[in-house]
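Here is the structure we will look at.
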Amino acid sequence: EPEVTQTPSHQVTQMGQEVILRCVPISNHLYFYWYRQILGQKVEFLVSFYNNEISEKSEIFDDQFSVERPDGSNFTLKIRSTKLEDSAMYFCASSFRGVKNSPLHFGNGTRLTVT
Amino acid sequence: TQLLEQSPQFLSIQEGENLTVYCNSSSVFSSLQWYRQEPGEGPVLLVTVVTGGEVKKLKRLTFQFGDARKDSSLHITAAQPGDTGLYLCAGSNTGNQFYFGTGTSLTVIP
Chain A
1 EPEVTQTPSH
11 QVTQMGQEVI
21 LRCVPISNHL
31 YFYWYRQILG
41 QKVEFLVSFY
51 NNEISEKSEI
61 FDDQFSVERP
71 DGSNFTLKIR
81 STKLEDSAMY
91 FCASSFRGVK
101 NSPLHFGNGT
111 RLTVT
Chain B
1001 TQLLEQSPQF
1011 LSIQEGENLT
1021 VYCNSSSVFS
1031 SLQWYRQEPG
1041 EGPVLLVTVV
1051 TGGEVKKLKR
1061 LTFQFGDARK
1071 DSSLHITAAQ
1081 PGDTGLYLCA
1091 GSNTGNQFYF
1101 GTGTSLTVIP
């Protein structure tokens, strides 16, 4: 079964550094998402992306965050200047038709540790 | 932000017992999904419910969507150690995002 893949599985970075988290969504999916999960807390929505633009974003997704689909397969999340509180699991997800009509398929996440 | 409260937060039971997990909100959702998440992995979809009062069964798991589409429950019959994991509900009303619940961590002891 096709799956969403994320790299790296674990990223350690120093505060203030830029990080790029990478995702390869399922190939025929059209909607892409980033969620994060701080240790011991719930899964939080960051951003959704469709037709090469952001369709929705949460309050968490401030100017330090950006997303890009640089080619036909990758979907990236960039954090420009990381803060300690950005430490979390970051999950990429994709769906074929958007959340109302098809399920989200999640990757296994990237654990980001900011020191 | 829509708030989805799950209860209980933690549940530890013996193999063979039955259990129910609840997902409650003051908001109405057009659809609601249940996921299971294991350590080090992403959430995996179990079921989607869209109609008020809908009941869906997945082997020993029974999912119900409340009549008013504000709440849902997950009932597991004869729990097995393989059911251990974090159970998450997630609701969608308008827009293109799911709001996740607070999660129920289930441990089934052999």
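Line order of the protein sequences matches chains A and B. Per my numbering: the first sequence = residues 1 to 115. Per my numbering: the second sequence = residues 1001 to 1110. Ideal placement from N, C-alpha and C gives every residue a C-beta, glycine not left out.
field: CB contact flag (leucine 1004(B), phenylalanine 1100(B), <8 Å)
entry: With contacts defined as CB atoms closer than 8 Å, leucine 1004(B) and phenylalanine 1100(B) qualify as a contacting pair.
- request: Could you list the residues in the stretch 26-53 of chain A with a C-beta less than 8 Å from some C-beta on chain B, going in chain order?
  value: Answer set for the stretch 26-53 of chain A: Tyr31, Tyr33, Tyr35, Lys42, Val43, Glu44, Phe45, Ser48, Tyr50.
- prompt: Would you say glutamate 1054(B) reaches chain A, if we count a Cβ-Cβ gap shorter than 8 Å as a contact?
  reply: So no, glutamate 1054(B) is outside the interface.
message: Taking DSSP's pairing of strands, which residues face threonine 1104(B) in a bridge?
response: Looking at the DSSP assignment, threonine 1104(B) forms a beta bridge with Tyr1087(B).
field: Partner residues on chain B for proline 103(A), Cβ-Cβ distance less than 7 Å
entry: Chain-order list of chain B residues neighbouring proline 103(A): Gln1033, Leu1045, Thr1048, by C-beta distance under 7 Å.
query: What does glycine 1042(B) touch in chain A if you count any residue whose Cβ is under 7 Å from its own?
result: Per Cβ cutoff of 7 Å: Phe91, Phe106, Gly107, Asn108, Gly109.
query: Rounded to the nearest angstrom, how far is the Cβ of asparagine 1018(B) from that of histidine 1075(B), given a contact under 8 Å?
result: Contact between asparagine 1018(B) and histidine 1075(B) holds, since their C-beta atoms are separated by about 7 Å, short of 8 Å.
- prompt: In terms of residue numbering, what span does the beta strand (DSSP E) encompassing histidine 29(A) cover?
  reply: Histidine 29(A) -> no beta strand (DSSP E), and no H or E assigned at all.
- prompt: Where glutamate 44(A) and serine 27(A) are concerned, what is the direct C-alpha to C-alpha distance, given to the nearest angstrom?
  reply: Cα atoms of glutamate 44(A) and serine 27(A): separation of roughly 24 Å, rounded to the nearest angstrom.
message: What does the Cβ neighbour count give for arginine 1069(B), buried or exposed, with the cut at 16 atoms within 10 Å?
response: Result: buried.
- request: Give a yes or no on whether the minimum CB-CB distance between glutamate 85(A) and chain B is below 8 Å.
  value: False, the Cβ-Cβ gap to chain B never drops below 8 Å.
message: Looking at chain B, is there any beta carbon in it that lies within less than 8 Å of the beta carbon of glutamate 56(A)?
response: Yes - at least one Cβ of chain B is within 8 Å of the one on glutamate 56(A).
Local Cβ density within 10 Å of glutamine 41(A), reported as buried at 16 or more and exposed below that: That one is exposed.
- request: Kindly indicate which residue of Ala93(A), Thr82(A), Asp62(A) has the alpha-carbon position closest to the one of isoleucine 20(A).
  value: Among Ala93(A), Thr82(A), Asp62(A), the Cα nearest to that of isoleucine 20(A) is on Thr82(A).
task: Would you mind stating whether valine 47(A) and tyrosine 31(A) have Cβ atoms separated by less than 8 Å?
output: Not in contact: valine 47(A) and tyrosine 31(A) (Cβ atoms no closer than 8 Å).
Paired residues, beta bridge with valine 1028(B) - DSSP: Beta-bridge pairing links valine 1028(B) to no other residue.
task: Output yes if chain A places a C-beta closer than 8 Å to the C-beta of cysteine 1098(B); else output no.
output: First, the residue type needs correcting, since residue 1098(B) is phenylalanine and not cysteine in the sequence shown. Residue-level contact check: phenylalanine 1098(B) touches chain A, since one or more beta carbons of chain A fall below 8 Å from its beta carbon.
message: Measuring CB atoms only, is the stretch 107-114 of chain A touching the stretch 8-23 of chain A, in the sense that at least three cross pairs come out at less than 8 Å?
response: Contact between the stretch 107-114 of chain A and the stretch 8-23 of chain A is present, because at least three Cβ pairs lie under 8 Å.
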